[in-house]
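Notes to accompany the following structure.
Structural data, given as structure tokens:
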């Protein structure tokens, strides 16, 4: 009986993982079910939409795709989540009815930082409005009588502009180029907070 319970648990876990890798949902808003999944052979996000006769619409190759990458439903579309040991990111897509294409509409990321949580935090950008919000930390080794202290950088709110990115053009490079702009912004705000604290 115990062995049977273990086998059932493993099967449930495998089915749960599979369900997250293959999403069945009305993506193109015509009342018919569509399919989105991460193709395990060529590592591309693949969509089959009813409005396009279920032909395959594919992203570029997601080089780091594996067991740590999942496709999840969102209110207006779907999201690709990639999670590593101490960091991760998510890219949200939706179907643009007028253009009849699937577009990247949002990116979010998080990090736990190093052992002292230096560099920990999270951020997101709405690519439709260009609104960025970030909450990040850095470790100040000289604070607290040189015992060190984790310092929260004041919430970063900024406007950024990006060109439209469609599913067919999407790979990790799209995420990394957006994330690099995040990093430059965070570094600037971190330096301002360091200077502010030095004056007090």
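Residue numbers (this note's numbering): 3 to 202.
The C-beta atom is built at its ideal place from N, Cα and C for all residues, glycine as well.
Look up residue i in the DSSP assignment and say whether it is helix, strand or coil.
| i | result |
| --- | --- |
| residue 60 | strand |
| residue 53 | helix |
| residue 183 | helix |
| residue 189 | helix |
| residue 88 | coil |
| residue 106 | strand |
| residue 101 | coil |
| residue 154 | strand |
Within the same chain, show all residues whose beta-carbon is closer than 6 Å to that of residue i, passing over the 5 residues directly before and after it, in chain order.
| i | result |
| --- | --- |
| residue 60 | 46 and 48 |
| residue 37 | 26 and 50 |
Tell me the residue span of the alpha helix (DSSP H) that contains residue i.
| i | result |
| --- | --- |
| residue 147 | 145 to 148 |
Going by alpha carbons, who is nearest to residue i out of the options?
| i | options | result |
| --- | --- | --- |
| residue 110 | 56, 24 and 183 | 183 |
| residue 54 | 97, 165 and 64 | 97 |
| residue 157 | 129, 189 and 131 | 189 |
Hey, quick one: how far does the beta strand (DSSP E) through residue i stretch, first residue to last?
| i | result |
| --- | --- |
| residue 114 | Residue 114 -> no beta strand (DSSP E), and no H or E assigned at all. |
| residue 133 | 133 to 142 |
| residue 164 | That residue, residue 164, is in no beta strand (DSSP E); it is neither H nor E in DSSP. |
| residue 75 | 71 to 76 |
Using a Cβ-Cβ cut-off of 8 Å (strictly less than) and excluding sequence neighbours within five positions of residue i, which residues of its own chain qualify?
| i | result |
| --- | --- |
| residue 174 | 64, 65 and 66 |
| residue 153 | 139, 140, 141, 142, 145, 195 and 199 |
Leaving out five residues on either side along the sequence, give the residues of the same chain with a beta carbon under 7 Å from the beta carbon of residue i.
| i | result |
| --- | --- |
| residue 31 | 97 and 99 |
| residue 113 | 88, 89, 121, 122 and 123 |
Checklist entry - Is there contact between the stretch 142 to 154 and the stretch 169 to 182, where contact requires at least three CB pairs shorter than 8 Å? => result No contact exists between the stretch 142 to 154 and the stretch 169 to 182.
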